[in-house]
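Chain order of the listed sequences is A and B.
Each residue of the first sequence is one higher than the last, beginning at 1 in the UniProt record's numbering.
Each residue of the second sequence is one higher than the last, beginning at 1 in the UniProt record's numbering.
Working notes, beginning with the structure itself.
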Amino acid sequence: MDFDNSKPIYLQIVDFFYENILSKRWPEEERIPSVREIAVMVEVNPNTAIRAFNHLQELGVIYNKRGIGYFVSENGYNTVLSIKKTEFKEEILPDIFKKMGLLEIKFEEVKDAFNQYLNNKDNEEK
Amino acid sequence: MIHFKNIRFYYPKGKTILDDISLDFVPGNIYGVFGKNGEGKSTLMKIVAGLLFPKSGKYHVMGEAMSRNTVKYLQHMFIVPEDFELPGIKISSYEHINSPFYPEFSREQFYELLKEFKLSPDEKISTLSFGQKKKVLIAFGVATNTKLLLMDEPTNGLDIPSKSQFRKIMASVVDQGKCVVISTHQIRDLHSLINHIVILDQSKVAFDQPLSTISECLWFGKTRRDSNESIIYSEASFGGKTILSRQDKDETEVDLELLFNAVLNEPVRISNAIKNTHHDSAV
């Protein structure tokens, strides 16, 4: 895993979990890799991996079964979805709006680009 | 596990290398010891390993004073030095001769690690390259399962894939009972592993903090020009990397290179910023 300089590594590991849950590679109620396995996989200090696990547990995305390991929560998928949606609205969108202002891009232009993207995608699927 | 109090060291007729060093190394952590060339990192490692003895000060290992007679602790520690000589024998013979000194040595683990490093037990050590020899020592050191593992510039001489392997191995071996101390200049190779930073400068300990405290107190990143926050340290490189007091800003990843330069240039401001935040949160 290549780390982004500014975001704390434990949050980058959290993002890695989110990706796996949203793509359903890690389904709800299924066991996920252990702290040690994650630490080895992403080459970090196990203490950093533990921080990511604790964070996700506090958010209710994963839970711990004593002596067995960590599992994705029953509502894990929806929890992650709403966390990521909020992040998109509160962090990514304002950034895009700011750039639009700077580059004098009108909302209609973005809308057109979006429709074109949908068209292309439809054609590819056909 | 390791307790240094007011340690002083100099080589015969030489200047003082370590002056009034007080440090604690506690199990469950990977310590990173940094410092410019010739600031005593390797000397410090050798003292911890019992290869050199301090001229004054106290050195306690696992609760007892270290002296020339406390040989029994040597079975609980292993050092991978920066320079070393290994005998011209087969790797398996090296293991056979040296492993009995370490009660927790795992042969299975050693040969597994050799395989990971693409080395065969039948190879003669004298025919190996420097990097391969280093891998033999790293594999042996990890397999000793000593409570204390010291490594002086472990990634020097390792090729690119082996550096990643090395990180994976280290991530897998650390547990609550083990203490790892790594001295290095290769901050980028190891920054994701280290969770406690020690910086030596001008023969003294210039900085000694866990990463969790650093990221709690300091903020690393680019600041806007119009920001009126007081800058603790900044570099005029492209984009202007800066250290600020974190206050209620989002946590950022600690930029170890920037921190290192800041500690050497602005030691007082850095330590004040950490002291102040820590004091506030304690109240």
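C-beta atoms are modelled at their ideal positions from N, C-alpha and C, and glycine is treated no differently.
Everything numeric in this text was worked out from a predicted model, so none of it was measured.
Coil, strand or helix - B:Val-71 by DSSP: helix
Segments assigned alpha helix (DSSP H), at least 4 residues, entirely inside the stretch 95-146 of chain B: 107-116 and 130-143
Backbone secondary structure at A:Gly-69 - three-state DSSP: strand
Simplified DSSP assignment, three categories, for B:Met-93: Looking at the sequence shown, residue 93 of chain B is not Met but Ser. Reduced to three states, the DSSP call for B:Ser-93 is helix.
Contact list for A:Glu-13 against chain B, beta-carbon separation under 9 Å: Note that residue 13 of chain A is Ile in the sequence shown, not Glu. Within 9 Å Cβ-Cβ: nothing; A:Ile-13 doesn't reach chain B, min ~10 Å.
B:Gln-209 - containing beta strand (DSSP E), residue span: 204-210
Sufficient close CB pairs (3 or more, under 8 Å) joining the stretch 203-211 of chain B to the stretch 245-265 of chain B: yes
Rounded Cβ spacing between B:Leu-158 and B:Glu-39 (contact assumed at less than 8 Å): Going by Cβ atoms, the distance from B:Leu-158 to B:Glu-39 rounds to 23 Å, so no, they are not a contact pair.
Local Cβ density within 10 Å of B:Thr-252, reported as buried at 16 or more and exposed below that: buried
Amino acids of chain A, ordered along the chain, whose beta-carbon sits closer than 8 Å to that of B:Ser-172: Arg-36, Ala-39 and Val-40
Alpha-carbon spacing of B:Glu-104 relative to B:Leu-264, whole angstroms: 40 Å
Element boundaries [alpha helix (DSSP H), containing A:Thr-48]: 46-58
Opening and closing residue of the beta strand (DSSP E) in which B:Lys-241 lies: 241-245
Cβ pair count under 8 Å reaching 3, the stretch 6-22 of chain B against the stretch 44-61 of chain B: yes
Residue burial classification, B:Arg-167 (beta-carbon count within 10 angstroms, cutoff 16): buried
Spatial distance of B:Phe-78 from B:Ala-143 (CA atoms): 10 Å
With 16 other Cβ atoms within 10 Å as the buried cut-off, status of B:Ile-182: buried
B:Phe-140 versus B:Glu-95: straight-line alpha-carbon distance, rounded: 8 Å
Which of helix, strand or coil DSSP assigns to A:Asn-64: strand
Per-residue contacts from A:Ile-9 into chain B (C-beta, under 8 Å): Ser-192 and Glu-253
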